[in-house]
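These protein sequence lines map, in sequence, to chains V and Z.
The number in my numbering is simply the position in the first sequence, starting from 1, with 42 added.
Just so you know, my numbering puts 87 at position 97 of the second sequence, and the rest follows in order with no gaps.
From the three backbone atoms N, C-alpha and C, an ideal C-beta is built for every residue, glycine too.
Quick notes on the structure that follows.
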Amino acid sequence: MCTTCGCGGGELKIGGKPHVHGHDQGELRFRRPNHEHSHEPVHGETSRRVQVEKDILAKNNAYAQNNRQHFATQGIFALNLVSSPGSGKTTLLTRTIELLQGELPVAVIEGDQQTSFDAERIRATGVSAIQINTGKGCHLDAHMIEHALEDLKPADHSLLFIENVGNLVCPASFDLGEAHKVVILSVTEGEDKPLKYPDMFAAAGLMLLNKVDLLPYLSFDVQKCVEYAQRVNPHIRVILTSATSGEGMGEWLAWLRSRGA
Amino acid sequence: MHEMSLAESVLEIIENSAAQHDSNKVHAVWLEIGQLAGVEVEAMRFCFDAVTRGSIADGARLEIIATPGRGRCLSCGKSMPLIERYDLCPECDMPLEVTGGTEMRVKELEME
């Protein structure tokens, strides 16, 4: 399996098409630090120690930087939506798209291990969407996004939503070139999620606390949840939303229109 | 299990570096992994063994240097060790901004 470059051993699919080897592997080079040099051998006569000092995520970050540059050139506002499975992010997304209809061009990249159900739900709203199936992969990476963009071709000055694989752990480490990670947490999940999965909440610029229409039926402590999120990320902004009742949707849309200002 | 992706990236860095130094055998690998980097060290070892099998780093010793987490209090500005991201400043009871311990890098290789 090669989930790093997205070749996925034949399991990765973008827009339903298998992603095959033979693409531009090796085209992007790691930045070579100036201080890479050989040391004297230490173990045995023929072995030597070599200083490397390379970031493990350098390759992904280079792809992410290319994506970010592409978004900047085209004036695209890209968001990376992250959450656990079942937080209601696809429903929230379809509702958001309906409310923005005619105002802003929107495009969506959907990430799931299997099926194109979510991309179909998005396309039913009338906007273009492409599905990435990661096969066994647990997150989207910047290289997959680069390929998806080739097919999706989002319009200039559009809003691009990247719905990551439902997973509160792995997507935290992978920059896709987005302007912000937006973490969606539903009130049916428990208020201590920000402490249990701190890396994701630390990486996000905005938390949408979703399904708040259900609060009367739950013992979810909103204040505590917000406090926990701010403990791992003092700068995180929080909006309470419900795609069902419409609560908080105005504030969320205002945030989108202001491009996260 | 993003450690699998990370291990794949480590192998690629090893292969590039070995090629640059005209080596076809790597005996040991030093990784620096911050304690707040979101990497499970045991999973990393497991994945490293899996992805290096049959490669120039097959059987290589993996040394993991764990760099400690550090944070800075947003209230008093003091820098202090940070074990968990959610730790608070013991004096101010305020959240800390992470200033260290998120590194993930291949530091050094021992090669033929």
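Check: residue i C-beta below 7 Å from any heavy atom of the ligand COA
i	result
residue 138 of chain V	Absent from the structure shown: the ligand COA. Ligands present: none.
Min CB distance residue i to chain Z below 8 Å
i	result
residue 244 of chain V	yes
residue 185 of chain V	no
residue 53 of chain V	no
residue 97 of chain V	yes
residue 235 of chain V	no
residue 91 of chain V	yes
residue 16 of chain V	Here chain V has residues from 43 to 303 only, and residue 16 of chain V is not among them.
residue 77 of chain V	Bear in mind that a pLDDT of 43 at residue 77 of chain V, under 50, signals an unreliable position, so the number given afterwards is only what the model happens to contain. Not closer than 8 Å to any Cβ of chain Z, the Cβ of residue 77 of chain V fails to qualify, so no.
residue 263 of chain V	no
residue 254 of chain V	no
residue 241 of chain V	yes
residue 126 of chain V	no
residue 50 of chain V	Any reading at residue 50 of chain V must be qualified, since the residue scores a pLDDT of 44, below 50, and its modelled position is unreliable; the value itself is stated next. No, residue 50 of chain V does not count as interfacial toward chain Z.
residue 321 of chain V	Within the shown structure, residues of chain V are numbered from 43 to 303, placing residue 321 of chain V beyond reach of any answer.
residue 115 of chain V	no
Enclosing alpha helix (DSSP H) for residue i [first to last residue]
i	result
residue 37 of chain Z	31 to 42
residue 235 of chain V	235 to 238
residue 292 of chain V	291 to 299
residue 352 of chain V	As shown, chain V starts at 43 and ends at 303. That puts residue 352 of chain V outside it, with no answer to give.
residue 100 of chain Z	Counting along the chain, residue 100 of chain Z falls outside any alpha helix (DSSP H), though it belongs to the beta strand (DSSP E) covering 94 to 101.
residue 262 of chain V	Premise fails: residue 262 of chain V is in no alpha helix (DSSP H) and is neither H nor E.
Where residue i falls, given that 16 or more other Cβ within 10 Å makes a residue buried
i	result
residue 69 of chain V	Because residue 69 of chain V sits at a pLDDT of 32, beneath the cut-off of 50, its placement in the model cannot be relied upon, and the following sentence gives the value as read from the coordinates. The residue is exposed, with fewer than 16 neighbouring Cβ atoms inside 10 Å.
residue 80 of chain Z	exposed
residue 203 of chain V	buried
residue 84 of chain Z	exposed
residue 119 of chain V	buried
residue 259 of chain V	exposed
residue 14 of chain Z	exposed
residue 37 of chain Z	buried
residue 271 of chain V	buried
residue 231 of chain V	buried
residue 196 of chain V	buried
residue 300 of chain V	exposed
residue 137 of chain V	buried
Proximity test, Cβ basis, 8 Å: residue i and chain V
i	result
residue 85 of chain Z	yes
residue 98 of chain Z	yes
residue -1 of chain Z	yes
residue -8 of chain Z	yes
residue 70 of chain Z	no
residue 3 of chain Z	yes
residue 62 of chain Z	no
residue 102 of chain Z	yes
residue 95 of chain Z	yes
Continuous beta strand (DSSP E) stretch holding residue i: start and end
i	result
residue 222 of chain V	222 to 228
residue 17 of chain Z	16 to 24
residue 55 of chain Z	51 to 57
residue 279 of chain V	279 to 282
residue 252 of chain V	248 to 252
residue 135 of chain V	Run containing residue 135 of chain V: none in the beta strand (DSSP E); it sits in the alpha helix (DSSP H), 131 to 142.
residue 205 of chain V	201 to 205
residue 70 of chain Z	69 to 71
Under 8 Å between C-beta atoms of residue i and residue j
i	j	result
residue 200 of chain V	residue 127 of chain V	no
residue 284 of chain V	residue 263 of chain V	no
residue 224 of chain V	residue 191 of chain V	no
residue 185 of chain V	residue 56 of chain V	no
residue 173 of chain V	residue 58 of chain V	yes
residue 227 of chain V	residue 252 of chain V	yes
residue 206 of chain V	residue 123 of chain V	yes
residue 1 of chain Z	residue 92 of chain V	no
residue 91 of chain Z	residue 77 of chain Z	no
residue 16 of chain Z	residue 23 of chain Z	no
residue 33 of chain Z	residue -7 of chain Z	yes
residue 58 of chain Z	residue 10 of chain Z	no
residue 97 of chain Z	residue 145 of chain V	no
residue 208 of chain V	residue 176 of chain V	no
residue 82 of chain Z	residue 65 of chain Z	yes
**OP:** Taking a Cβ distance cut-off of 8 Å, strictly less, list which residues of the segment 167 to 191 of chain V are near chain Z, in chain order.
**Re:** Correct list: 179, 180, 181 and 183.
Subject >> chain V contacts made by the segment 14 to 37 of chain Z, where a contact means CB separation under 7 Å >> reply: Taking a C-beta cut-off of 7 Å against chain V, the contacting residues of the segment 14 to 37 of chain Z are 17 and 28, listed in chain order.
**OP:** Quick one: which residues of the segment 36 to 56 of chain Z get their C-beta closer than 7 Å to a C-beta of chain V? List them in chain order.
**Re:** Answer in chain order: no residues at all.
Subject >> Residues within the segment 266 to 281 of chain V neighbouring chain Z, beta-carbon criterion of under 9 Å >> reply: Hits within the stretch, in order: 270, 272, 273, 274, 275, 276 and 277.
Original post:
Quick one, which residues of the segment 212 to 232 of chain V are near chain Z if we go by CB-CB under 7 Å, in chain order?
Top reply: Listed by position, the residues of the segment 212 to 232 of chain V near chain Z (Cβ gap below 7 Å) are 212, 214 and 215.
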